[in-house]
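Structure, as structure tokens:
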Amino acid sequence: PDGRAGTPVIHRAAFWVSEGENWYDRADPDDVSGDSCEEARNCPAPHAGFITKGDNNRGYDQSLGISSPVKSAWIVGVAHVRVPLLGHVRLWLAGNTASGASAPATNATAPAVGVSGAAPAA
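Residue 533 is where the sequence shown starts when you use the numbering used here, and the numbers rise one by one after that.
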């Protein structure tokens, strides 16, 4: 999540935040931890970047403490095509699916970004 070299991971970009921004009120309440910016990790934003969410994550990566906002410099590519369920099959084979999950979460309106060196979705 800090621009390290490694296998890129695709996470969906939800929205952009500025340094010091209280982004809690713009966030989907189902995807953020805590009841206020003060209770959510990485809020206010420690630096400008994208708030992201991996398909197998229960909330925003930043709210869960997986990554700080993703800086533009960390992005190594943008996915423009998606093969439905292909990522879910990979997670299933690796034993990383959430119990009871039948398909990955998707948001067709948000572009996915490849972040170099990011940790796999929990």
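Glycine included, C-beta positions come from ideal geometry on N, C-alpha and C. These numbers were taken from a predicted model, which means no experiment stands behind them.
Integer Cβ distance of residue i from residue j, believed to fall under 8 Å
| i | j | result |
| --- | --- | --- |
| Tyr592 | Asp563 | 5 Å |
| Thr584 | Ala546 | 6 Å |
For residue j and residue i, the rounded distance between their alpha carbons
| i | j | result |
| --- | --- | --- |
| Cys575 | Gly586 | 19 Å |
| Gly581 | Ile542 | 15 Å |
| Val613 | Ala572 | 32 Å |
| Ala605 | Ser550 | 15 Å |
| Lys603 | Leu625 | 31 Å |
| Val615 | Gly627 | 20 Å |
DSSP state of residue i mapped onto helix, strand, coil
| i | result |
| --- | --- |
| Val602 | strand |
| Ala626 | helix |
First and last residue of the uninterrupted beta strand (DSSP E) at residue i
| i | result |
| --- | --- |
| Val549 | Val541 to Val549 |
| Gly609 | Ile607 to Ala611 |
| Gly538 | Here Gly538 belongs to no beta strand (DSSP E), and DSSP marks it neither H nor E. |
| Gly552 | It is not in any beta strand (DSSP E) - Gly552 carries neither H nor E in the DSSP assignment. |
| Gly581 | Gly581 to Lys585 |
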